[in-house]
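Student:
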């Protein structure tokens, strides 16, 4: 505005329009770059959720007795005690330990464990075998956990006197 007269500058208007269109193109390009990143991040999150769910389902194995293991033919945890009246042995040719387990109902079955007998197996008060019952008539265990007697259970009166 010079001397009360408004001057029109066509060049500045063109420059402003060019600047706006350049900003739109640039922001559109930025959004275009963000989409693959968002998609990749979403895919990674979904894969983690699927992997976590699968891992949980694989590790979530139910406890059952001998009758339940015979019926289900899927991976279970068989809880019971070692039947010391029957033979137990390690076969070095197959690297398998065989023993007999009796559940709380008194029903027994043969258990074949891949590997040697667990530590303190002879002292165990209860045994949990993880595996599945086979059509051949035995429980094939991939892992056996033992529960040994507590040193505090043997002397309950002495523990009471100390407290």
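In our numbering, the protein residues as written are 10 to 172.
Every residue, glycine too, gets a C-beta built ideally from N, C-alpha and C.
Classify residue 66 as buried or exposed, calling it buried when 16 or more other Cβ atoms lie within 10 Å of its own Cβ.
Tutor: Your numbering for residue 66 matches position 57 in the chain shown. Under this definition residue 66 is an exposed residue.
Student: Report the three-state DSSP secondary structure of residue 120 (helix, strand or coil).
Tutor: Within the chain shown, numbered from 1, the residue matching residue 120 stands at position 111. If DSSP states are grouped into helix, strand and coil, residue 120 belongs with the strands.
Student: Do the segment 143–162 and the segment 117–126 meet, that is, are 3 or more Cβ pairs less than 8 angstroms apart?
Tutor: Yes, since at least three Cβ pairs between the segment 143–162 and the segment 117–126 fall closer than 8 angstroms, the two stretches touch.
Student: If I measure Cβ to Cβ from residue 156 and keep anything under 7 angstroms in the same chain, skipping five residues before and after, which residues do I get?
Tutor: Walking along the chain shown from the start, residue 156 turns up at place 147. Hits under 7 angstroms: 133, 134, 135.
Student: Does the segment 105–118 come close enough to the segment 73–88 to have 3 or more Cβ pairs within less than 8 angstroms?
Tutor: Counting Cβ pairs under 8 angstroms, three or more are found: they touch.
Student: Where are the alpha helix (DSSP H) runs, 4 residues long or more, that stay fully inside the segment 56–98, in chain order?
Tutor: The segment 56–98 contains these whole alpha helix (DSSP H) runs: 75–81.
Student: Given that a residue counts as buried once 16 or more other Cβ atoms are within 10 Å of its Cβ, and exposed if not, what is residue 89?
Tutor: Residue 89 sits at position 80 when you count from the first residue of the chain shown. Buried, by the Cβ-count rule.
Student: Note down the Cα distance separating residue 127 from residue 57, rounded to an integer number of angstroms.
Tutor: On the chain shown, residue 127 is found 118 positions in, with the first residue counted as 1. On the chain shown, residue 57 is found 48 positions in, with the first residue counted as 1. Distance between the alpha carbons of residue 127 and residue 57: 34 angstroms.
Student: Assign residue 171 to one of three DSSP states: helix, strand, or coil.
Tutor: In the chain shown, residue 171 corresponds to position 162, counting from 1. Reliability of the predicted coordinates at residue 171 is poor, the pLDDT of 49 falling under 50, and the value obtained from them is presented with this limitation in mind. Note: residue 171 maps to helix in three-state DSSP.
Student: Tell me which same chain residues have a C-beta within less than 8 angstroms of the C-beta of residue 70, skipping the five on either side of it?
Tutor: Working through the chain shown from its first residue, we reach residue 70 at position 61. If we look at residue 70 and ignore the five residues flanking it on each side, its Cβ neighbours are 84, 85, 86, 139.
Student: Just to confirm, are residue 91 and residue 106 a CB contact at a threshold of 8 angstroms?
Tutor: Here residue 91 corresponds to residue number 82 of the chain shown, with the count starting at 1. Here residue 106 corresponds to residue number 97 of the chain shown, with the count starting at 1. Cβ distance not < 8 angstroms, so residue 91 and residue 106 don't count as in contact.
Student: Helix, strand or coil for residue 152 per DSSP?
Tutor: Mapped onto the chain shown, residue 152 falls at position 143. Strand at residue 152.
Student: On the premise that residue 125 lies in contact with residue 99, defined as a C-beta separation below 8 angstroms, what is that separation, rounded to the nearest angstrom?
Tutor: Your numbering for residue 99 matches position 90 in the chain shown. Your numbering for residue 125 matches position 116 in the chain shown. Confirmed, about 6 angstroms.
Student: Among 102, 110, 104, which one has its Cα closest to the Cα of residue 95?
Tutor: Along the chain shown, one-based indexing puts residue 95 at 86. Comparing Cα positions, the closest option is 110.
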